[in-house]
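The sequence shown: position 45 = 45 (my numbering), numbered continuously.
Backbone N, C-alpha and C define an ideal beta-carbon position, used for all residues, glycine too.
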Amino acid sequence: MGSPLQTLSTLSDLVINPVYKTLIDKHVLICIILNMYSRNLMISVVLILALVPLIATLPRHSLSKRTPFFEIGCKGSYNSSLFSKLDRICDDCYNLFREVELLRLCKHQCFKTDYFKGCVDSLQLGDEIESLKLYIKALNGATPPS
């Protein structure tokens, strides 16, 4: 006797025979599940691709940019331009000496320490000290060291 598929003469034999009917039911069920899974996967991918550009265009929360401002003890008015200029001086000083503690001390008390003044001197920015003092005062409302 040949294989079971060779004994089938018509499609009706396939449907009537309970062994084949069970196999077909399982196959159909698997196809339905895979089809649902692939449809859900496709919908998920499309939604993700649609949402990523939208999320990327949302404005960043200003508090996340202001966090370092508060962490170093600044209590005055936040001005991103002034803060960036002073912060850059400390970063440049760190790049010059490669001392992490110096970076922290330079920014400490909202740039009011002698370490900040030392960084200004080390970076040869002495001619800008008066404008830097005004920046510090604007950010903190306190008089920086002379």
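Problem - Cβ neighbours of Lys85 in the same chain (closer than 7 Å, five flanking residues each side left out) - result: These residues qualify, in order along the chain: Tyr135.
Problem - Nearest neighbour of Glu99, chosen from Phe111, Tyr115 and Gln109 [CA to CA] - result: Ranking Phe111, Tyr115 and Gln109 by Cα distance to Glu99 puts Tyr115 first.
Problem - C-beta contact flag for Ile89 and Val120 at 8 Å - result: With a cutoff of 8 Å on beta-carbon distance, Ile89 and Val120 are scored as near each other.
Handout entry: Short Cβ contact (8 Å threshold) for Cys93 with Asn140
Key = Taking 8 Å as the Cβ cut-off, Cys93 and Asn140 do not qualify as a contacting pair.
Practice task
Taking the CB atoms as reference points, tell me whether Leu82 and Ala138 lie closer together than 8 Å.
Solution key: Yes; because the gap between Cβ atoms is below 8 Å, this pair is in contact.
Problem - CB of Asp87 within 8 Å of CB of Lys112, strictly - result: Taking 8 Å as the Cβ cut-off, Asp87 and Lys112 do not qualify as a contacting pair.
Problem - Through-space distance from Ser77 to Gly126, alpha-carbon basis - result: About 25 Å.
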